[in-house]
Ligand SMILES: Cc1ncc(COP(=O)(O)O)c(C=O)c1O
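Residue numbers (this note's numbering), protein chains in the order written: chain A, 191 to 609; chain B, 312 to 472.
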């Protein structure tokens with residue numbers, strides 16, 4: 191095999207037809223600063239294929255009305271499409287029942303729902319909540335608010351230099367005051383994939399429920415909540431080629447039923463008098479008020495789109511991108527990759543010697559390349575790595591090896607400007 | 312669209328690499344720390360004002376090139392000036408960087424006009440104005456200032472996630 195063939199092979203190990211997929215995403219045809227857009231900020235928000243855009247337009251032009259209320263034609267259509275979207279999401283994460291799938295505004299609201307609905311009811315003074323160093327602020331701050339209110343305590347699982355959770359330390363944190371575990375499936379700052387199935391089994395053996403923050407995992411891997419055996423699983427539509435303002439909380443039915451409502455209002459009740467209100471059954475108990483109906487239906491279309499490509503094919507292509515990008519970036523002198531976990535999703539956090547991440551972000555933008563710079567809402571990770579911020583390229587299945595090359599060339603340009 | 316490269320001009324890169332008046336001063340008459348909590352950047356500014364004149368000034372901190380160059384050029388611009396002159400310059404710089412005034416309408420701005428381009432980069436404005444906020448804080452005995460303070464003209468968070 192010639193050297194040339196070898197490079198070809200490392201650049202594209204799978205027969206994934208990325209060009210055909212890219213044709214579905216109108217935004218990828220944009221030019222930024224007269225350069226073709228290279229969108230590598232997918233961990234923050236991914237882009238929407240025409241199929242989802244069309245679904246939103248169709249809903250809005252032919253199907254819109256409020257749901258669960260009217261007996262008229264449009265209300266029935268909208269209700270049935272909304273509930274069909276719930277079933278699509280149920281299948282997407284292999285939940286046992288559709289009533290275990292609650293529409294929220296996103297991961298953040300899903301976690302807050304669990305904090306209010308479960309935490310405030312079942313966690314008290316002196317109780318302990320286990321979180322990890324890798325958590326996004328969305329899975330830290332709600333629990334701090336609860337701990338402050340109740341006099342509970344937060345214990346934190348440390349990481350090693352590669353960005354992997356220290357599982358021995360996790361296990362040592364358990365005691366008879368441990369009441370809850372919150373862990374991210376995939377780190378948004380470093381890409382580490384955590385061994386959540388084993389962590390859940392360990393917690394369950396001690397009777398402790400586990401919430402998984404799946405915001406960064408759901409877009410990139412097949413999620414099976416029954417196989418994981420998690421109690422709660424939260425993720426966001428906008429990172430999954432869906433609309434903003436919609437997300438999912440999966441919860442085990444028995445747990446959801448035991449919880450108190452999060453928000454009060456219409457739709458979450460069976461009957462209201464000024465003496466007593468009877469709450470609706472799940473999932474409606476947690477969906478007070480008019481939900482983002484079109485966004486939910488759009489998310490349903492997004493998971494259809496992803497499932498048609500196949501989450502395994504998506505994961506394989508993204509792993510190819512990550513491996514190629516990691517190899518290329520590591521060959522540049524003066525560039526350091528942060529997050530070298532053995533199991534990683536397609537997130538590449540890096541530092542360039544002598545150049546602040548914000549300068550990197552601005553200069554890459556000049557080349558049409560969108561990366562995220564900053565602390566990624568994960569300041570505990572940054573503190574652990576002793577950096578104020580990093581630059582982060584995060585890949586989606588519609589990214590190409592050529593875009594990796596553009597990133598690498600962009601980083602070299604930045605270095606040239608700063609020498 | 313802004314020409315981003317124009318922001319990273321020779322003079323800015325040079326001040327970033329070789330910042331002037333970098334360090335601290337023992338017994339300053341004025342001192343403040345400035346933070347940009349969104350990126351973790353922070354700088355300190357020490358000033359010695361004697362009979363209304365800035366006899367000495369120094370800064371130190373961790374920051375991006377825009378912030379460091381802005382701080383370095385701020386120190387060279389205000390050293391030897393009266394406090395009133397420096398305060399006028401602070402106001403002009405803030406107005407120019409936030410796009411309220413064009414640099415042509417800032418009579419004292421001089422070489423600092425190289426920062427005019429940041430007004431097109433909302434996420435970078437804070438980097439350029441942090442040193443000036445901090446100097447202002449030092450003059451007004453505000454020991455710690457933040458680009459997220461309520462009076463901040465660019466009170467808009469950098470993106471999330
Ligand atoms: C791991 C993780 N958790 C939670 C969130 C919050 O998601 P959202 O802002 O959609 O609620 C994000 C992304 O922003 C994330 O990456």
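All residues carry an ideal CB built from backbone N, CA and C; glycine is no exception.
(request) Can you give me, in chain order, the residues of the region 353-387 of chain B that have a beta carbon less than 9 Å from any beta carbon in chain A? (result) 353, 373, 374, 375, 376, 377, 378 and 379
(message) In the DSSP output, which residue or residues are listed as bridge partners for residue 402 (chain A)?
(response) Numbered from its first residue, the first chain carries residue 402 (chain A) at position 212. A:373 and A:423.
(message) List, in chain order, every chain B residue whose beta-carbon is nearer than 8 Å to that of residue 321 (chain A).
(response) Start at 1 with the first residue of the first chain, and residue 321 (chain A) comes out as number 131. The premise fails here: residue 321 (chain A) is roughly 19 Å from chain B at the closest Cβ pair, so nothing lies under 8 Å.
(request) Scan the region 384-411 of chain B for residues whose Cβ lies nearer than 9 Å to a Cβ of chain A and list them as they occur along the chain. (result) none
(message) Using a Cβ distance threshold of 8 Å, determine whether the region 343-356 of chain A contacts the region 314-323 of chain A, with at least three qualifying pairs required.
(response) Judged by Cβ distances under 8 Å, the region 343-356 of chain A makes contact with the region 314-323 of chain A, as three or more pairs qualify.
(message) For residue 238 (chain A), tell me which candidate among A:587, A:548 and A:440 has the shortest Cα-Cα distance.
(response) On the first chain, residue 238 (chain A) is found 48 positions in, with the first residue counted as 1. It is A:587 whose Cα lies nearest to the Cα of residue 238 (chain A).
(request) Compute every distance between the C-beta of residue 346 (chain B) and the non-hydrogen atoms of ligand 1, then say whether any falls below 6 Å. (result) For the purposes of this step, residue 346 (chain B) is taken as the residue at position 35 of the second chain. Every heavy atom of ligand 1 is 6 Å or more from the Cβ of residue 346 (chain B), so no.
(request) Quick one: list the residues of chain A neighbouring residue 438 (chain B), beta-carbon separation under 7 Å, in chain order. (result) What you label residue 438 (chain B) is simply residue 127 of the second chain in a count that begins at 1. Residues of chain A passing the Cβ test: 548.
(message) Using a Cβ-based criterion (distance less than 6 Å to any ligand heavy atom), does residue 262 (chain A) qualify as near ligand 1?
(response) Taking the first chain and counting its residues from 1, one reaches residue 262 (chain A) at position 72. Flag unset: Cβ of residue 262 (chain A) not near ligand 1.
(request) Under 9 Å between beta-carbons, which chain A residues line up against residue 351 (chain B)? List them in chain order, please. (result) As a position in the second chain, residue 351 (chain B) is number 40, starting the count at 1. Those within 9 Å of residue 351 (chain B) in chain A are 564, 565, 569, 572, 577, 578 and 579.
(request) With a 10 Å radius around its C-beta and 16 neighbouring C-beta atoms as the bar for buried, classify residue 263 (chain A) as buried or exposed. (result) On the first chain, position 73 is the one that residue 263 (chain A) refers to. Taking every protein chain shown into account, the CB of residue 263 (chain A) has fewer than 16 other CB atoms within 10 angstroms, so this residue is exposed.
(request) Give the DSSP-derived three-state secondary structure of residue 595 (chain A) in the structure shown. (result) Counting from one through the first chain, the residue named residue 595 (chain A) turns up at place 405. In the structure shown, residue 595 (chain A) adopts helical secondary structure according to DSSP, grouped into three states.
(message) So for residue 210 (chain A), helix, strand or coil by DSSP?
(response) For the purposes of this step, residue 210 (chain A) is taken as residue 20 along the first chain, with counting starting at 1. Three-state DSSP puts residue 210 (chain A) in a helix.
(message) If you reduce the DSSP assignment to three classes, tell me which class residue 460 (chain A) lands in.
(response) One-based indexing of the first chain puts residue 460 (chain A) at position 270. In this structure, residue 460 (chain A) counts as strand in the three-state DSSP scheme.
(message) So for residue 373 (chain B), helix, strand or coil by DSSP?
(response) The residue you call residue 373 (chain B) lines up with position 62 of the second chain. Correct three-state label for residue 373 (chain B): strand.
(message) Short of 8 Å in beta carbon distance, which residues of its chain neighbour residue 230 (chain A), apart from the five on each side in sequence? Order them along the chain.
(response) Walking along the first chain from the start, residue 230 (chain A) turns up at place 40. Around residue 230 (chain A): 559, 560, 561, 583, 584, 585, 589, 593 and 597.
(request) Kindly indicate if chain A contains any beta-carbon less than 7 Å away from that of residue 333 (chain B). (result) Numbered from its first residue, the second chain carries residue 333 (chain B) at position 22. Not one chain A Cβ lies under 7 Å of residue 333 (chain B).
(request) Output yes if chain B places a C-beta closer than 7 Å to the C-beta of residue 607 (chain A); else output no. (result) As a working note, residue 607 (chain A) is residue 417 in the first chain. Judged by the 7 Å Cβ criterion, residue 607 (chain A) is in contact with chain B.
(request) Measure the C-alpha to C-alpha separation of residue 280 (chain A) and residue 442 (chain A) and round it to an integer number of angstroms. (result) Translated into positions along the first chain, residue 280 (chain A) becomes position 90. Translated into positions along the first chain, residue 442 (chain A) becomes position 252. Going from the Cα of residue 280 (chain A) to the Cα of residue 442 (chain A) covers about 12 Å.
(message) So with CB distances below 7 Å, who are the chain A contacts of residue 423 (chain B)?
(response) Within the second chain, numbered from 1, the residue matching residue 423 (chain B) stands at position 112. Residues of chain A with a Cβ closer than 7 Å to the Cβ of residue 423 (chain B) do not exist; the shortest Cβ-Cβ separation is about 19 Å.
(message) Can you pull out the residues from the region 528-540 of chain A whose beta carbon lies closer than 7 Å to at least one beta carbon of chain B?
(response) none
(message) Run through the DSSP bridge pairs and tell me what residue 534 (chain A) is partnered with.
(response) Translated into the one-based positions of the first chain, residue 534 (chain A) becomes position 344. Residue 534 (chain A) is bridged to A:382.
(request) Between the Cα of residue 455 (chain A) and those of A:449, A:603, A:476 and A:261, spot the shortest distance and give me the residue it belongs to. (result) Within the first chain, the letter at position 265 stands for residue 455 (chain A). Here the closest residue by C-alpha is A:476.
(request) Classify residue 196 (chain A) as buried or exposed, calling it buried when 16 or more other Cβ atoms lie within 10 Å of its own Cβ. (result) By 1-based counting over the first chain, the position of residue 196 (chain A) is 6. Any answer about residue 196 (chain A) is weak, because its pLDDT of 43 lies below 50 and its placement is not dependable; what the coordinates show is given next. By the neighbour-count criterion, in which a residue is buried when 16 or more other Cβ atoms sit within 10 angstroms of its Cβ, residue 196 (chain A) is exposed.
(request) Answer yes if the region 332-340 of chain A comes into contact with the region 360-369 of chain A, meaning at least three C-beta pairs across the two stretches below 8 Å, and no otherwise. (result) no
(request) Count the other CB atoms, across all protein chains shown, that sit within 10 Å of the CB of residue 350 (chain A); report buried if there are 16 or more and exposed otherwise. (result) Taking the first residue of the first chain as 1, we reach residue 350 (chain A) at position 160. Exposed, since its Cβ has fewer than 16 Cβ neighbours within 10 Å.
(message) Quick check on residue 297 (chain A): does DSSP put it in helix, strand or coil?
(response) Indexing the first chain from 1 puts residue 297 (chain A) at position 107. DSSP, read as helix, strand or coil, puts residue 297 (chain A) in helix.
(request) Measure from the alpha carbon of residue 601 (chain A) to the alpha carbon of each residue in A:432, A:221 and A:552, then state which is nearest. (result) Along the first chain, one-based indexing puts residue 601 (chain A) at 411. Nearest C-alpha to residue 601 (chain A): A:552.
(message) For a contact defined as C-beta to C-beta under 9 Å, what are the partners of residue 441 (chain B) on chain A?
(response) Along the second chain, one-based indexing puts residue 441 (chain B) at 130. The contacting residues do not exist; residue 441 (chain B) stays about 12 Å from chain A at best.
(request) Tell me, please, which residues DSSP counts as bridged to residue 540 (chain A). (result) Indexing the first chain from 1 puts residue 540 (chain A) at position 350. Paired residue(s): A:527 and A:581.
(request) Would you list, in chain order, the members of the region 579-605 of chain A that have their beta-carbon closer than 8 Å to a beta-carbon of chain B? (result) 579
(message) At the level of alpha carbons, what is the spacing between residue 378 (chain A) and residue 411 (chain A)?
(response) As a position in the first chain, residue 378 (chain A) is number 188, starting the count at 1. As a position in the first chain, residue 411 (chain A) is number 221, starting the count at 1. Looking at the two C-alpha atoms, the distance is approximately 14 Å.
(message) Could you pull the DSSP bridge partners for residue 347 (chain B) from this structure?
(response) Here residue 347 (chain B) refers to the residue found at position 36 when the second chain is read from its first residue. Paired residues: B:352.
(request) Let me know if residue 605 (chain A) comes out buried or exposed under the rule of 16 or more other beta-carbons within 10 Å of its beta-carbon. (result) Position 415 of the first chain, counted from the first residue, corresponds to residue 605 (chain A). Counting the other Cβ atoms within 10 Å of the Cβ of residue 605 (chain A) gives 16 or more, which makes it buried.
(message) Cβ closer than 7 Å: which chain A residues qualify as neighbours of residue 432 (chain B)?
(response) Counting from 1 along the second chain, the entry for residue 432 (chain B) is found at position 121. In chain order: 552.
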